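Those letters in the sequence shown? Residues 1 to 88, per this note's numbering, in order.
Taking it in order: structure first as structure tokens, then the write-up.
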Amino acid sequence: MAFESNEKAQGYWRENLRLVISLLAVWFVVSYGFGILLVDVLNQITFMGFKLGFWFAQQGSMYVFVALIFIYAAKANALDKKYNVHED
């Protein structure tokens with residue numbers, strides 16, 4: 001990865017870090033918040049025959065985690081193109 005200047009490199013990593021932190025925040029809310037902290041509140045709602053808190057703890061969080069991987073890949077590719085460090 002070769003950057004044209006030190007400022008562009010710092011900008012790239014700043015945006016990449018912001019992206020990672022935001023996706024980790026979503027991961028934290030879904031896994032810890034929905035699966036542990038809010039499970040009693042969510043269990044009052046049923047989803048596909050299961051209590052929603054249970055569903056998030058067992059399956060829903062996995063769907064979100066896979067979606068986060070695809071979101072990161074797409075946004076990281078866009079970021080690479082923006083800073084002209086993408087692979088051909």
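By construction, the Cβ of each residue, glycine as well, lies at the ideal position given by its N, Cα and C atoms.
Model, not experiment: these values are computed from the prediction.
Cβ neighbour criterion (16 or more within 10 Å) applied to residue i
i   : result
L37 : exposed
G49 : exposed
Whole-number beta carbon distance between residue j and residue i, since they are thought to touch under 8 Å
i   : j   : result
V26 : F56 : Not a contact, Cβ separation roughly 13 Å.
L19 : K75 : 6 Å
L68 : N16 : L68 to N16, Cβ: 15 Å. No contact.
A34 : S61 : A quick correction: the sequence has Phe, not Ala, at residue 34. Between S61 and F34 the Cβ distance is about 7 Å, and since that is below 8 Å, they are a contact.
Residue i to residue j span [Cα, whole Å]
i    : j   : result
I104 : K51 : The first residue shown for the chain is 1 and the last is 88, placing residue 104 beyond what the model contains.
S5   : D88 : 21 Å
F47  : D40 : 14 Å
V64  : A2  : 33 Å
Q103 : G53 : The structure shown does not extend to residue 103, since the chain is modelled only from 1 through 88, so no value can be given for it.
I71  : I21 : 13 Å
Contact between the segment 4-14 and the segment 78-86 (3+ Cβ pairs under 8 Å): By the Cβ criterion, the segment 4-14 is in contact with the segment 78-86, since at least three pairs of Cβ atoms, one from each stretch, lie closer than 8 Å.
Whole runs of the alpha helix (DSSP H) within the segment 41-84, excluding any shorter than 4 residues: Within the segment 41-84, complete alpha helix (DSSP H) segments of at least 4 residues are found at 52-55, 61-82, given in chain order.
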